[in-house]
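Chains A and B supply the protein sequences, listed in that same order.
Quick note on numbering: the first sequence equals residues 3 to 152 in the working numbering.
Quick note on numbering: the second sequence equals residues 3 to 152 in the working numbering.
Ideal Cβ placement from N, Cα and C applies to all residues, glycine included.
Everything numeric in this text was worked out from a predicted model, so none of it was measured.
Here's the structure we're looking at; comments come further down.
2 protein chains.
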Amino acid sequence: MRSAGTDTVGGLVFATTTPERPCPAAAPEIAYRIGQGRIPAFDISAVCSGFLYTMASAGALITAGITDSVLVVAAEAYSRVVDPTDRSTAVLFGDGAGAVMLRAGPADEPGALLAYDLGSDGEGAELIRIPEPREQPSGERWFAMAGRKV
Amino acid sequence: MRSAGTDTVGGLVFATTTPERPCPAAAPEIAYRIGQGRIPAFDISAVCSGFLYTMASAGALITAGITDSVLVVAAEAYSRVVDPTDRSTAVLFGDGAGAVMLRAGPADEPGALLAYDLGSDGEGAELIRIPEPREQPSGERWFAMAGRKV
Chain A
3 MRSAGTDTVG GLVFATTTPE RPCPAAAPEI AYRIGQGRIP AFDISAVCSG FLYTMASAGA
63 LITAGITDSV LVVAAEAYSR VVDPTDRSTA VLFGDGAGAV MLRAGPADEP GALLAYDLGS
123 DGEGAELIRI PEPREQPSGE RWFAMAGRKV
Chain B
3 MRSAGTDTVG GLVFATTTPE RPCPAAAPEI AYRIGQGRIP AFDISAVCSG FLYTMASAGA
63 LITAGITDSV LVVAAEAYSR VVDPTDRSTA VLFGDGAGAV MLRAGPADEP GALLAYDLGS
123 DGEGAELIRI PEPREQPSGE RWFAMAGRKV
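Structural data, given as structure tokens:
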């Protein structure tokens, strides 16, 4: 936020598929910890495409006038769910985090968001997954991916 | 969708805190199963306020012109995480699902969305939670709430 030249932001949207806990959402806690108080804040879960959906949603909240600025945060801790001995995933997935500040501004401003072409493919839902405990009674909830098909 | 008078929709946003699995998101699979193919689809996680944040985000995606209609779906299966012997939660939290179709239209149309006043309070993140396995090595991941404080 310092590099964006502001101390305050109107909302926070957090993209993650590896939150510390399923409930509550992490975005309100992030907002509180960075001193932003009770701003609108929620989590988006969309795995690899999470940052893009979060950017689109955050930008749309500004366009719709619901807030005038949004801090988009994305973070994953795949080291928690990746089996370090599984070469099909361990060499590709790790931990990382980033953040982007979005604010209202003229459409022709440098850096303005232009357009999105978003999509999904639910037919392949089985091809990449973190199993639930009941699917993996051994307790090992390793992330699995059918790499070539994905 | 039938009652909304349409067979197709431009996007789907799904609010849940109790997904069947953390990865992949459920929205693309819902979109696929209801015959909507590869539309933009993602999950939002915000517990009780999930439906409101999802309505606001879905409406904003339409206002911003990213899509012309969105199916907002919200579903929770709290029976999976609520301890049936805990009277502070078991009498309040259960399972349920609902859906609303949003589409572009005139601002003065009956049923048009007017405005939102959204907020959060991350300071209270410890007051209501589903623990992660490492927090509860016994394997019982019961949802817990400090009722009076919440």
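Asked, Found
"Hey, out of A:TRP144, A:GLU128 and A:LEU120, whose CA is closest to GLY13 of chain B's CA?", "A:LEU120"
"Counting only C-beta atoms, is THR65 of chain B closer than 9 Å to chain A at any point?", "yes"
"Relative to the ligand COA, is the shortest distance from any of its heavy atoms to the C-beta of CYS25 of chain A smaller than 8 Å?", "With respect to the ligand COA, the structure offers nothing, as it holds no ligand at all."
"Could you spell out where the alpha helix (DSSP H) holding MET103 of chain B opens and where it closes?", "Looking at the DSSP string, MET103 of chain B is not in any alpha helix (DSSP H); the run it does join, the beta strand (DSSP E), is 97–105."
"For the candidate residues B:ALA6, B:THR19 and B:THR10, whose alpha-carbon lies nearest to that of GLY98 of chain B?", "B:THR19"
"Relative to the C-alpha of TRP144 of chain A, which residue among A:VAL49, A:THR91, A:VAL75 and A:GLY52 is closest?", "A:THR91"
"Quick one: give me the first and last residue of the alpha helix (DSSP H) that PHE53 of chain B is part of.", "52–65"
"Nearest to ALA106 of chain B by CA position, among B:ILE64, B:MET147 and B:ALA77, is which residue?", "B:ILE64"
"Going by Cα to Cα distance, which pick from A:GLU111, A:ALA77, A:SER71 and A:ARG35 is closest to ASP123 of chain B?", "A:ARG35"
"Residues of chain B with a CB under 9 Å from the CB of ARG40 of chain A: which are they?", "GLY121, SER122, ASP123, GLY124 and GLU125"
"Name the chain B residues whose beta carbon is nearer than 7 Å to that of THR91 of chain A?", "Within chain B, no residue comes near THR91 of chain A; the closest Cβ sits about 12 Å away, beyond 7 Å."
"Check ILE32 of chain A in the structure and name its three-state DSSP category.", "helix"
"Using the rule of at least 16 other Cβ atoms within 10 Å of the residue's Cβ for burial, across every protein chain shown, is MET45 of chain A buried or exposed?", "Reading off the sequence, residue 45 of chain A comes out as Asp, not Met. Buried, by the Cβ-count rule."
"If you draw a straight line from the C-alpha of ARG150 of chain A to the C-alpha of LEU129 of chain A, how long is it?", "10 Å"
"Report yes if the C-beta distance between ALA27 of chain A and VAL49 of chain B is below 9 Å; otherwise report no.", "yes"
"Return no unless some Cβ of chain B is closer than 9 Å to the Cβ of VAL83 of chain A.", "yes"
"Between the C-alpha atoms of ALA131 of chain B and LEU116 of chain B, what's the straight-line distance to the nearest angstrom?", "In the sequence on display, residue 131 of chain B carries Arg and not Ala. The alpha-carbon atoms of ARG131 of chain B and LEU116 of chain B are separated by roughly 32 Å."
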